[in-house]
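With positions in the sequence shown counted from 1, the corresponding number in this note's numbering is that position plus 374.
Shown next, in structure tokens, is the structure this report addresses.
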Amino acid sequence: MHQTKLTLLKNFRNCFKILLIQGEIFGLVTFSYSTHLTPSRAKLVANIFRILIFALTTIYALHLCATNDEILVVVKSTTLLSFTYSIFCVTTIWILSVTNRHKFITFVTKIIQFDVNCCDKRLTTYQKGRKKVMLCWTTKYLFLVFFFVAINANSCDEFSLIYTFLCSFMSAFSFTICRQSAELALMLKFRFFVLNEKLLTIITVVDDLDYVKSVLTKVCTWHHHLSRLVKLYNDLFGIILLLVFGFSFLVVTVCSFVIAAEMQHGGTEWYFVLGFCTIVVYYAVDVVSVCDSCYATIEELSRTGVLIHKIQSEDRDVIDGIEMFAFQIANEAAEFSAGGFFPINYTLVFSMVGGVTTYIIILLQLATTFKEW
């Protein structure tokens, strides 16, 4: 059993190596995973240095922005707001990455424990979605490189370099968190799918009661195990995703306002508009990917409650098992949430769209009022 866990850990590490490496680079993975999952002091110290370097760099950028009279008032105010929030956001996330590392280790360990107990070959390979992860990373980083070069092609002053570097860093940082959390949610979704496949095998079985009882009991236990992992996921990523969603909302709102303001007056610079539209899409895709992964996982979890009521049996023990299982699902009421403030699903996406639209209208009215004054 111990050797099997080590083998699965090795397979897990090899398949999700790019996620783990990127997590290390951005200070999100603060434990060692070479042979065993253990907290790392070196990565703790590295996060402390990251906080100091990022805070000092951002404060210096704020100083350059505040003292530069050539920068437009709108650009200056939005830059000051975004960079101030980014210091709070990134610092908090790095601190949480250290304090929650034991929870992260527990999460991965319990995933592997489930795979050992479930004995399904589709789980133990860990190959599902590997190409998709590689494609996402390649596309995002190519965009960031292009963004950095394009912005600094005509202007290479100190503020412009630091500004684009911090913007690129925050974009990569946000994407890394969203991709990591989305992939872990999809891992849970696939395991719920495997359980539902096992339930489908006993829906039409009426003669072999021992087999039905055995599968139903195991699925009930494993489903409870995965539902607890959903709650552990919330403890691990809830506050982090709340901060990332807040930053994404801020960036999308500011960029959308700049686009709307630019489109209103004559002589629109389409290169300028296209650049800001790309940034909006970049952050919007990250938010939607997380919401879609979490929504799909909860849908698969809820599908179990539908399937168990399709089991045809008049045996009292089977009926009691179904009722107990249904009560367990209803009692757990598992869902993904951002720090307990709101659920992570498509409702969040629609709320953000409504919020962005409202703030754009308010900002445009304020801009018009200031012009009249």
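Backbone N, C-alpha and C fix where the C-beta goes; we use that ideal spot for every residue, glycine too.
It should be emphasised that the depicted structure is a prediction, and the values quoted were computed from it without experimental measurement.
- Just so you know, the alpha carbons of V589 and D694 end up roughly 14 Å apart.
- Exclusion of the five residues before and after N570 leaves E674, R677, T678 and L681 as the residues of its chain whose Cβ lies within less than 8 Å of its Cβ.
- Shortest Cα-Cα distance from G714 to any of A704, L402 and D609 involves D609.
- Judged by their CB atoms, F611 and M726 are not nearer to each other than the 8 Å cut-off.
- Listed as beta-bridge partners of T412 by DSSP are S406.
- Put simply, of F564, F423, C629 and A556 the residue whose alpha carbon is nearest the alpha carbon of C492 is F564.
- Here V664 is near S555, since their CB atoms are less than 8 Å apart.
- Assignment of S451 by DSSP, reduced to helix, strand and coil, places it in the helix class.
- Measuring C-alpha to C-alpha distances from I486 to each of L603, R415, I427 and P413 identifies L603 as the nearest.
- With a contact defined as Cβ atoms closer than 8 Å, T404 and R475 qualify at about 5 Å.
- Across the structure, V628 and Q739 are spaced so that their CA atoms are roughly 14 Å apart.
- Nearest C-alpha to Y537 among V568, S471, F428 and I479: F428.
- Contact check for L470 and I613: beta-carbon distance about 6 Å, within the 8 Å limit, so the pair qualifies.
- F631 sits close to L737, with the two beta carbons spaced by under 8 Å.
- In the DSSP assignment, E557 falls within the unbroken alpha helix (DSSP H) covering E532 to I577.
- I433 and Y459 have their C-alpha atoms spaced approximately 11 Å apart.
- Just measuring C-alpha positions, the residue of L454, F517 and I551 sitting nearest G401 is I551.
- In this structure L540 is not in contact with F646, their Cβ atoms being roughly 20 Å apart against a cut-off of 8 Å.
- Per DSSP, reduced to three states, the secondary structure at S687 is coil, with no helix or strand assignment.
- Under a 10 Å Cβ-count criterion, L648 is classified as exposed, with fewer than 16 other Cβ atoms of the shown protein chains found around its own Cβ.
- Each residue's CA atom was taken as its position, placing C439 and E636 some 21 Å apart.
- For I399, the enclosing alpha helix (DSSP H) begins and ends at K391 to I399.
- A straight line joining the alpha-carbon of T441 with that of L722 spans about 38 Å.
- Taking C-alpha positions only, Y657 is separated from L616 by approximately 14 Å.
- The beta carbons of L394 and R553 sit no closer together than 8 Å.
- Straight-line spacing of the CA atoms in D660 and D582 works out to 47 Å.
- In terms of Cβ geometry, V626 and V730 form a close pair [threshold 8 Å].
- In the DSSP secondary-structure assignment, S711 is bridged to P717.
- Rounded to whole angstroms, E709 and H598 show a C-alpha spacing of 13 Å.
- D582 carries a coil assignment under DSSP once its states are collapsed to helix, strand and coil.
- Rounded to whole angstroms, F701 and L600 show a C-alpha spacing of 16 Å.
- Residue burial annotation: N705 is exposed, with fewer than 16 other C-beta atoms found within 10 angstroms of its C-beta.
- CA-CA distance, H410 to A634, rounds to 52 Å.
- Shortest Cα-Cα distance from K587 to any of L606, T483, F699 and F549 involves F699.
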